[in-house]
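Encoded as structure tokens, the structure appears first; notes follow it.
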């Protein structure tokens, strides 16, 4: 069911990321990294763009299959899986740009001098987009491509097919 070598590799990768997160969040000011008033709308915009583009059912299937690719070493044989992930990655960055535009409009229209807060929220939005797009979506995309190439080259290694139904 599980390839132990791939599972160990995933665990080592997550331990490395957890170490970086622990060092970051145990620093004196971790509250500057987690801004729920930015994170929640960012996730809502990204999910909404996905639902509008692909529909609810397909979006949830893409999420399910991305998790299967990452955690259980199962390649998705659907030819549209990789384009879905590429579009979802773009949606993350679009969400960040929309949040930055919203922040800029609110600061500039109120004649406020809160440019430091605008810069901080813009950086946080870009950080969230980067984390979603590069650490989750690109990971699933790259791993799926790798598993498909392994499957084509070596018929003795057969990851379980994972079709979008």
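Residue numbers (my numbering): -10 to 154.
All C-beta atoms in this analysis are idealised placements derived from N, C-alpha and C, irrespective of residue type, glycine included.
- Across the structure, residue 0 and residue 53 are spaced so that their CA atoms are roughly 19 Å apart.
- Counted as a single uninterrupted DSSP element, the alpha helix (DSSP H) harbouring residue 104 occupies residues 104 to 119.
- Classified as buried, residue 110 has 16 or more neighbouring CB atoms from the shown chains inside 10 Å of its CB.
- Residue environment analysis places residue 26 among the exposed positions, since fewer than 16 neighbouring C-beta atoms fall within 10 angstroms of its C-beta.
- No residue range can be given for residue 125, since it is assigned to no alpha helix (DSSP H) and is classified by DSSP as neither H nor E.
- Pairwise C-beta distances place the segment 133 to 141 out of contact with the segment 96 to 103, as fewer than three of them are shorter than 8 Å.
- In the structure shown, residue 75 adopts helical secondary structure according to DSSP, grouped into three states.
- Put simply, the backbone Cα of residue 63 is about 27 Å away from that of residue 8.
- Relative to residue 122, the option among 67, 92, 32, 88 whose CA is nearest is 32.
- In the same chain as residue 118, and ignoring 5 residues on each side of it, the C-beta atoms closer than 6 Å to its own belong to 81, 82, 85, in chain order.
- A Cβ-Cβ contact shorter than 7 Å links residue 114 with residue 89.
- Inter-residue distance for residue 70 and residue 79 is about 15 Å (C-alpha atoms, whole angstroms).
- With contacts defined by Cβ atoms closer than 7 Å, residue 74 and residue 36 do not form a contacting pair.
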